[in-house]
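Participant: The sequence shown begins at 95 in the numbering used here and counts up one residue at a time.
For reference, the structure I am asking about is given below.
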Amino acid sequence: MRPRTAWQAMARRPVAFLASGWPWRSAAYLLSGVLVGAAAVAVLAAGLVAGAVLLVVLVGVAPLLGVVLSATAVAAVERRRLRLVDLDPAPDPHRAPDGPGLRAWAATRLTEQATWRELGFALLSAAALWWLDLLVLAFSFGLPALCFASTDGATWPWTVFGALVLLASPWTVTAWAGARAALVRVLLAPRDQELGAALQEVRASRSRLVDAFDAERVRIERDLHDGAQQHLISLGMTLGLLELDLPAGSPLRPQLAQAQQQLGSAHRELRGLIRGLNPPVLADHGLAAAVREQASRFPLPVTVDLDLPARLPRQLELHLYYLLSEALTNIARHSGARTAAVHGRHRADLLVLEVTDDGRGGADPALGSGLTGLADRLAAVDGRLRVSSPPGGPTLLHVEVPCRFE
């Protein structure tokens, strides 16, 4: 896939990265950043002057308005420059003024969050960013030039050092260009605004589908418990009464005993299915207890170390229980593991879960395995899944879910 940002380009193979235009684009981005930053100092100063001139018209607001005008101009240029190292669109975040005239424009701009982000960025650019751009360029290209200026027997170590710095310069320049572009993206063109209402609706729809699926699980569990399970119990009682009516030496007694055994086995399997759909221990004691109870019935030894400060919200508990259940089921079916472990901690506002096994490894979410379903379930609660599964094992499933305890 074609890289969209400087950092994505750096992740490619070195030869492909060097053969691309990204190092040159990054160098141009930093060089123009030096020019724009130096100009930003002059523009902001001019904005203060313009504000002082307008002070007669808009008393008290004019100096601030002049600086805001200057910051808006700097931000507009920065959004255009961003295309050098970030191919995603960077639209103007401002809305149209609420009316005609300078006063309406000023009132609209001064009440927008984007305006204050632009002002903060313009001040940061004028004070520090262009200096850092200049420093990176000077280190990457100026320092090697100085090292190559004179080469003799005494200065050859500096020549070698300069050559190493120059060889590393495509990555040095591109890394800083990517970091700078990421800062610009956050302050001046945040991606959440690009997503718009359509993607927000997709996320909400996905969450509703998962919730509906969980509600359907609960309904199926209730129907099995109140319907099929009761019929099996009634059938067992009927077979028991039939056994009492048979003579002691009847040839039907062995067949009846076998039918009762099969019925008992079916009843146990049904109880296990019901317990897996909506385990009572989850509702009564929480996620940690439910996972330990499931691990006790797992065909492999499972070490459970879940330390949570409090009960999770009900829906989140259901999501995570089914996720861990499916992960353990995948281990039993596909990994060839001898042992497994579940570890979980709450850190700041993030719940971190890890499922490990000592199986054969080689699990790849890109192949459409059960890991895809786990990732989809996590996405519905804004979580993410990372998998480490080299051939030969071990396999690690790392889960992060935003979670704040009240």
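Every residue, glycine too, gets a C-beta built ideally from N, C-alpha and C.
1) Quick check on the burial criterion: 16 or more other C-beta atoms within 10 angstroms. Buried or exposed for residue 198?
2) Leaving aside the five residues before and after residue 114 along the sequence, list all residues of the same chain whose C-beta is less than 7 Å from its C-beta, in chain order.
3) CB residue 412 to CB residue 382, shorter than 9 Å?
4) What separation, rounded to the nearest whole angstrom, lies between the Cα atoms of residue 101 and residue 228?
5) Among 116, 492, 350, whose alpha-carbon lies nearest the alpha-carbon of residue 269?
6) Is it buried or exposed, residue 489, if we count other Cβ atoms within 10 angstroms and call 16 or more buried?
7) Report the rounded CA-to-CA distance for residue 375 versus residue 384, giving the unit in angstroms.
8) Use the C-beta contact count for residue 289: other C-beta atoms within 10 angstroms, 16 or more gives buried, fewer gives exposed.
9) Across which residues does DSSP place residue 439 in a beta bridge pair?
10) In whole angstroms, what separates the C-alpha of residue 153 from that of residue 134?
11) Roughly how many whole angstroms lie between the Cα atoms of residue 400 and residue 380?
12) Below 7 Å CB to CB, which residues in the same chain sit around residue 336 once its five sequence neighbours on both sides are set aside?
13) Just the C-alpha distance for residue 175 and residue 281, rounded to the nearest angstrom, thanks.
14) Spell out a yes or no on whether the segment 447-460 and the segment 423-433 are touching, meaning 3 or more CB-CB pairs, one atom from each, closer than 8 Å.
15) With H, G and I counted as helix, E and B as strand and the rest as coil, what does DSSP make of residue 154?
16) Which residue spans inside the segment 243-287 form an unbroken alpha helix (DSSP H) run of at least 4?
17) Looking only at DSSP bridge pairs, what is residue 481 linked to?
18) Which of helix, strand or coil does DSSP assign to residue 395?
19) Pick out whichever of 190, 200, 429 has its Cα sitting closest to the Cα of residue 484.
20) Rounded to whole angstroms, what is the Cα-Cα separation between residue 448 and residue 441?
21) Is the beta carbon of residue 191 less than 9 Å from the beta carbon of residue 203?
22) Note down the Cα distance separating residue 177 from residue 251, rounded to an integer number of angstroms.
23) Assuming residue 418 and residue 436 are in contact, meaning their beta carbons sit under 8 Å apart, how far apart are those beta carbons, in whole angstroms?
24) Could you check whether the segment 252-265 touches the segment 215-225, counting it as contact only if at least three pairs of C-beta atoms, one from each stretch, sit closer than 8 Å?
25) For residue 289, name the three-state secondary structure that DSSP assigns.
26) Just to confirm my understanding: we take residue 504, look at its own chain, exclude 5 residues before and 5 after, and list those with CB closer than 6 Å. What are they?
27) Select from 122, 126, 163, 112 the residue whose C-alpha is nearest the C-alpha of residue 137.
28) Please state if the CB of residue 119 and the CB of residue 271 are separated by a distance shorter than 9 Å.
29) Quick check: the Cα distance between residue 284 and residue 396, rounded to an integer number of angstroms?
30) On the DSSP letters alone, give me the boundaries of the alpha helix (DSSP H) that residue 423 sits inside.
31) I need the straight-line Cα distance from residue 112 to residue 188, nearest angstrom please.
32) Locate the alpha helix (DSSP H) running through residue 206, then write down its first and last residues.
33) Excluding sequence positions up to five away, which residues of its chain have a Cβ less than 6 Å from the Cβ of residue 389?
34) Below 6 Å CB to CB, which residues in the same chain sit around residue 434 once its five sequence neighbours on both sides are set aside?
Facilitator: Reading it off the structure:
1) When all chains shown are included, residue 198 counts as exposed.
2) Setting aside the 5 residues that flank it on each side, residue 114 is surrounded in the same chain by 103, each with a C-beta closer than 7 Å to its C-beta; the list follows chain order.
3) no
4) 20 Å
5) 116
6) buried
7) Taking the straight line joining both Cα atoms gives about 5 Å.
8) Residue confidence for residue 289 is low, a pLDDT of 48 falling below 50, so the modelled location carries little weight; the figure read from the coordinates is stated next. Exposed.
9) 401, 446
10) Since pLDDT at residue 153 reaches only 49, below the 50 mark, its modelled position is unreliable, and no value is offered.
11) 11 Å
12) 350
13) Distance between the alpha carbons of residue 175 and residue 281: 14 Å.
14) yes
15) Note that residue 154 scores a pLDDT of 48, beneath 50, so its modelled location is shaky; the value from the coordinates is reported in the next line. Three-state DSSP puts residue 154 in coil, outside helix and strand.
16) 250-282
17) 491
18) DSSP places residue 395 in coil when its eight states are reduced to three.
19) Selected option, being the one with the closest Cα: 429.
20) 13 Å
21) yes
22) Their backbone Cα atoms lie some 39 Å apart in a straight line.
23) 6 Å
24) They do not touch, by the three-pair rule.
25) Confidence is the limiting factor: at residue 289 the pLDDT is only 48, short of 50, which leaves the residue's position unreliable, though a coordinate-based value still follows. Of the three classes helix, strand and coil, the one that applies to residue 289 here is helix, per DSSP.
26) With the chain represented from 95 up to 500, any question about residue 504 goes unanswered, as that position is not in the structure.
27) 163
28) Going by C-beta atoms, residue 271 is nearer than 9 Å to residue 119.
29) 43 Å
30) 408-424
31) Roughly 38 Å separates the two Cα atoms.
32) Premise fails: residue 206 is in no alpha helix (DSSP H) and is neither H nor E.
33) In its chain, beyond the 5 residues on either side, 396, 398 have a beta carbon closer than 6 Å to the beta carbon of residue 389.
34) 394, 396, 425, 451
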